[in-house]
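> Structure provided below as structure tokens; questions to follow.
Protein chains in written order, with the working numbering: chain S, 383 to 819; chain Y, 383 to 819; chain E, 383 to 819.
See below:
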């Protein structure tokens, strides 16, 4: 099934708009690695695709880790000596250090200051901070807000709870002809940050919706999970299932206007690595392929040596390298319908390669078969043969049961879709048979 | 046997002149993939080297193809309304679309025009066109000729025959000590085009004459064949024989003043590929090594997956990339004695590598043997040792039975001829024995 | 044992000064491949490290060579017609062609001239010449000295002896936990030349002193030998012992201010080759890694095909490429305390890699272990993790029993020392076990 051609029947402007609107709906929610925010987010995804939501109790052992307490928050503020809220959670949920323990005290500005975080270089932006694995509290605010604070007594309130509860994640499986799986994973734990990672969430949701009810070679598993602890929890509870994952992709920061980056899996030469590099080369401007490193998003867990799954990470701008990263400037203006749509298309194109990457055997391997009498060649001697016929010659030449279509696409320099079309035509023409996998 | 040294005893100016004169003799003949033209051409080659000429009847099945009818032509012209021949086959055989079916009709210019081919960009040149596998007819003329045609009735005559007959090719075998073969193949089906491929025909003929009656390691097979269908026919009739071909070279477009190009075999790392790249690097200016692709000349057939022979293609300017390609400008002025001669020398140098590329074993493998007392070293300590002695040290160091002389030449950066000389001297000096192949 | 950290406890200025002073002590001695000069040199080394000195009689067969006669010299001069010594061995021992046979004659300047060697390009410098394997005599002088010689009769005297005696070399072994050895070899046969090779002698001596009495993984063998014939003699007498050498380094020209060069062993990818390239990349400015070639210093013998030891060569400026090479300008001003010290440090760093280059196995291979609760991670989410924590993630990710620490250092781009520290911390923390070698 040629997924990319099917995809290109869609109206890209409409699809891009839908992606952005979905991100806008999700934006205001105060998510964290546990709690109501992520549950609410999963519910909104569930209204679009069939999602199995799992709750894992706090305290559960997951490999070397323990599922943490559940965090919820109703309100938070800093009141100035004059009684006015000068920092207000209701304005922006980034104002509270995520996972802050509850506090309600009055203190001097000097006592408060060690708990305040700003970005002096971008004095209008609010930073995003967490304190997941150390009980603490704090506020994030713009540097200009900080400079405006006068000495005196401040009322500090974080009306949060940190109690035994559950860690929640969602998964969506699409069955294919094989039980071998392709994993699409994205973290769903960040509060009001658009590129990181509402872009991943929305693209994954739409990708799942696009693939649903199609005739697929692979089975698909979409994970919407809290970063790090979510991936660890899922892997700990699905160790056997993880063994079926043949290819995987972590989606993050794919809504901004940066060029594409693909970070390779630990293998470095996995089919996913090659498919992604090939697709980006032929479907995007000046993409960059990054070597694997053990720091980053949840590919860290999927590529840990005990699993060593062929999971790469697709990004536009790379986390940590753009100034808006983990700040209030990573907002709905920072991501765009067109970019979200193009990222979705790239995901479809990568999956299209994996779905169709087969090995064929040329049934007329001695000399070229006569394409002319099959109307598969140019009519007049001397003209240029063009890329389509060239693709047919490549497929015939390299279809010895050893070269996959991706091998042929790479060696010929032609896009996979053209090689795949050539194989289709030659297969229809009785010149190829399917090789064994 | 050191073929290159033998070759360099020749007078290059004289040899170049002979090559060009031979091309000039062959130039006027109207060749095609079948018919009298190619037979006459083969007869002229036969007057220089022992050539076995084979005739294969039209209709014979050769793999996926059928040997086509034989095409012959006596005359062809377009007569203007005033009765004057405005396009005349007797002026230039490119004027007729090669393989045109017979026609003798009167028609309006507007009816004629769809059958006329020109090159608007080069309005003085006549293009070369064929219609081998679709029965059709046409004329090629200069664009200026076309512009001069006035409305009116034209008499159109192509006095050709397209009937059952034979496909003809020539082969010359030179026996060597081994039944393993080196194949030299060139297409002989083009009419008055000098670089494509009288250059290949003449160089191959002289190469064969040079190799004849020498003590050769390999057996040699020279094929003078119509392009595509000729190679397919030979392979179909000599499938077993083809299995003996260990190295091969297609010669085409090697008489012009362009720099050398070598297109690799499908293997890409075959000994022929490495030998050719090495020889061009050390014996020509700024050569270019091209990756294999399944389109081109008859390497397409030799490198089809069922055969997968280690056959590359030696060119100067690459077909399709120079404006004179497949036009009347590819004439006897476009090729030069000096370039033909240098191409011949490069062929000899490549064969010299293949003939002498052996593995030796150092009989004094523990430390360096004392070259000084054998007069194989410099006399005074402190001087530079020079490339000759350096070559000896390389041969001694890497002659462990695993490295071939070509391996050593590549790793040392020294020319094969120098490495081969070093091996000769050391072998004479009792420091090397021949390894098993 | 972390050798580099131990080494960095030294005072580099003091150590550099000691190296240079030692070179200054050795400088005046007239060394050759045999004779009192090298014996005296070895005695001075022996006063610093335990050295076993071996004497091998002239005439002994060593592989393809024969141990030569012993050369000693008391005096040499050229007296001008006026009776004045115009060339005097007592001024500089380079004045005599090393290994000159005795002569005492009177001759015309024209008869003398073929025996005189100068450097016209550097008219103040005296060249260094030898005539080891051909009995001859000669003088080296500055070109200005030569130009000043007037016609007339000259008294020529070389008061040397060339008689049966011994070839002498020194070796120092340091036992380690394994009988596998690391070889450090330097030639000790050059007369008053500082960089070539008092630099190698002094650094090797201090390296040996530094390693003595430490807890070492490998055993170490330091060779102080006459060039070429010394290495051949040692190998011929220790063929079995040589089989234990797992890594080796020839030290030469490492006292000048040139950037570092490392010439790879014949293997090219040996652990020594990779360790040296890695250390130079992280510990020196703009180093250059040279491919193996069979010409050079004693790596020629160690890398002969019968031995094929993983022995590379560490240099600063490469022999033959700097004008002072093999001239009187290679003197004590040409080498510097700081450069000698840095070369010593690089040697220690290379050995540090080899000593500590182990394979570990991650005991928590499924997902990342929780470094935070072990105080091995940053405290607050969102901050950059820094190189130290990054090194820990790399070690955990690649410690699958297959990747060595050097593999991890290379792949991560981090210095070995940092990777090694990370492995230490993780091993202490119970997260790693040692893999089998």
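Where a beta carbon is used, it is the ideal one built from N, C-alpha and C, also for glycine.
Predicted, not measured: the structure shown is a model, and the values here were computed from it.
Mind pulling the alpha helix (DSSP H) runs of 4 or more residues that sit fully within the segment 738 to 794 of chain E?
Counting whole runs of 4 or more residues, the segment 738 to 794 of chain E contains the alpha helix (DSSP H) stretches 768 to 780, 787 to 794.
> Would you be able to state if there are at least three C-beta pairs under 8 Å between the segment 750 to 757 of chain S and the segment 767 to 784 of chain S?
Yes, the segment 767 to 784 of chain S is in contact with the segment 750 to 757 of chain S.
> Which two residues bound the contiguous alpha helix (DSSP H) that contains residue 495 of chain S?
First-last for residue 495 of chain S: undefined, no H or E at that position.
> Quick check on this structure: which residue in Y:452, Y:447, Y:444, Y:803 has the alpha carbon closest to the alpha carbon of residue 571 of chain Y?
Of the candidates Y:452, Y:447, Y:444, Y:803, the one whose C-alpha sits nearest the C-alpha of residue 571 of chain Y is Y:452.
> Give the residues of chain E in contact with residue 688 of chain S, contact being defined as C-beta atoms less than 7 Å apart.
Here the neighbours are 747, 748.
> So if DSSP puts residue 521 of chain Y in a beta bridge, which residue, or which two residues, is it bridged to?
In DSSP, residue 521 of chain Y forms a bridge with Y:478, Y:498.
> From the DSSP secondary-structure annotation, give me the bridge partner or partners of residue 637 of chain E.
In DSSP, residue 637 of chain E forms no bridge with anything.
> Just to confirm the assignment, what range does the beta strand (DSSP E) spanning residue 488 of chain E have?
485 to 490 is the extent of the beta strand (DSSP E) around residue 488 of chain E.
> According to DSSP, is residue 544 of chain S helix, strand or coil?
In the structure shown, residue 544 of chain S sits in a strand (DSSP, three-state: E or B).
> Is residue 617 of chain Y near the ligand MN, with its Cβ less than 7 Å from a heavy atom?
Among the components modelled here there is no ligand, and therefore nothing to report on the ligand MN.
> Please go through the segment 532 to 619 of chain E and give each complete alpha helix (DSSP H) segment of 4 or more residues, from N-terminal end onward.
Fully enclosed alpha helix (DSSP H) runs of 4 or longer: 581 to 593, 611 to 619.
> Please state the DSSP three-state secondary structure of residue 803 of chain S.
In this structure, residue 803 of chain S counts as helix in the three-state DSSP scheme.
> Quick check on DSSP: helix, strand or coil for residue 515 of chain E?
DSSP places residue 515 of chain E in coil when its eight states are reduced to three.
> Measuring only between beta-carbons, confirm whether residue 675 of chain E sits less than 8 Å from chain S.
Output row for residue 675 of chain E: interface = no.
> Take residue 735 of chain E and list the residues in its own chain whose beta-carbon comes closer than 7 Å to its own, dropping the five residues that flank it on each side.
So the list reads 657, 660, 661, 788, 798, once near-sequence residues are dropped.
> For the segment 790 to 803 of chain Y, which residues have a beta carbon sitting closer than 7 Å to at least one beta carbon of chain E?
Under the 7 Å Cβ criterion, the segment 790 to 803 of chain Y contributes no residue.
> For residue 663 of chain Y, report the span of its alpha helix (DSSP H) as first-last.
Run containing residue 663 of chain Y: 653 to 665, per the alpha helix (DSSP H) assignment.
> If you run the structure through DSSP and keep just helix, strand and coil, what is residue 396 of chain E?
Looking at residue 396 of chain E - three-state DSSP - the assignment turns out to be helix.
> Excluding five sequence neighbours on each side, which residues of the same chain lie with their C-beta closer than 6 Å to the C-beta of residue 590 of chain Y?
Result list for residue 590 of chain Y: 431, 554, 604, in chain order.
> Going by beta carbon distance, what residues of the same chain come within less than 8 Å of residue 893 of chain S, once the five residues before and after it are set aside?
Outside the modelled stretch of chain S, which goes from 383 to 819, sits residue 893 of chain S, for which no answer is possible.
> Go to residue 682 of chain Y, then tell me how far its alpha helix (DSSP H) extends in each direction, as first and last residue.
Residues 681 to 684.
> Check for me: the beta strand (DSSP E) holding residue 816 of chain S runs from which residue to which?
Residue 816 of chain S -> beta strand (DSSP E) spans 814 to 816.
> List, from N- to C-terminal side, the beta strand (DSSP E) runs of 3 residues or more that fit wholly inside the segment 395 to 429 of chain S.
For the segment 395 to 429 of chain S, not a single whole beta strand (DSSP E) run of length 3 or above is found.
> Does the distance from the C-beta atom of residue 678 of chain S to that of residue 641 of chain S stay below 8 Å?
The answer is no: Cβ separation not under 8 Å.
> Kindly list, in the order they appear in chain E, the residues whose Cβ is closer than 9 Å to that of residue 445 of chain S.
Going along chain E in sequence order, the residues near residue 445 of chain S (Cβ under 9 Å) are 746, 748, 749, 750, 751, 752.
> Quick one: list the residues of chain E neighbouring residue 326 of chain S, beta-carbon separation under 9 Å, in chain order.
There is no way to answer for residue 326 of chain S, as the model of chain S reaches only from 383 to 819.
> Would residue 608 of chain S be called buried (16 or more neighbouring beta carbons within 10 Å of its own) or exposed?
Per the 10 Å Cβ criterion, buried.
> Can you tell me the Cα-Cα spacing of residue 477 of chain S and residue 406 of chain S, whole angstroms?
The alpha-carbon atoms of residue 477 of chain S and residue 406 of chain S are separated by roughly 19 Å.
> Looking at C-beta atoms only, is the number of pairs between the segment 386 to 401 of chain E and the segment 515 to 523 of chain E that lie closer than 8 Å three or more?
Segments in contact, no.
> Given this structure, state the Cα-to-Cα distance separating residue 506 of chain Y from residue 500 of chain Y, to the nearest angstrom.
Spanning the two alpha carbons is a distance of roughly 9 Å.
> Residue 648 of chain E and residue 620 of chain E - do their beta-carbons sit closer together than 8 Å?
No, they are not a contact pair.
> According to DSSP, which residues form a beta bridge with residue 453 of chain S?
For residue 453 of chain S, which the question treats as bridged, DSSP gives the partners S:544.
> Excluding five sequence neighbours on each side, which residues of the same chain lie with their C-beta closer than 8 Å to the C-beta of residue 488 of chain E?
Cβ within range, chain order: 535, 536, 537, 538.
> What does residue 772 of chain Y reach in chain E if we use C-beta pairs closer than 7 Å?
Chain E residues near residue 772 of chain Y: 677.
> Assuming residue 387 of chain S is part of the alpha helix (DSSP H), what are its boundary residues?
Where residue 387 of chain S is concerned, the enclosing alpha helix (DSSP H) stretches over 385 to 389.
> Taking the C-alpha atoms as reference points, what is the distance between residue 684 of chain Y and residue 419 of chain Y?
Their Cα atoms are separated by approximately 25 Å.
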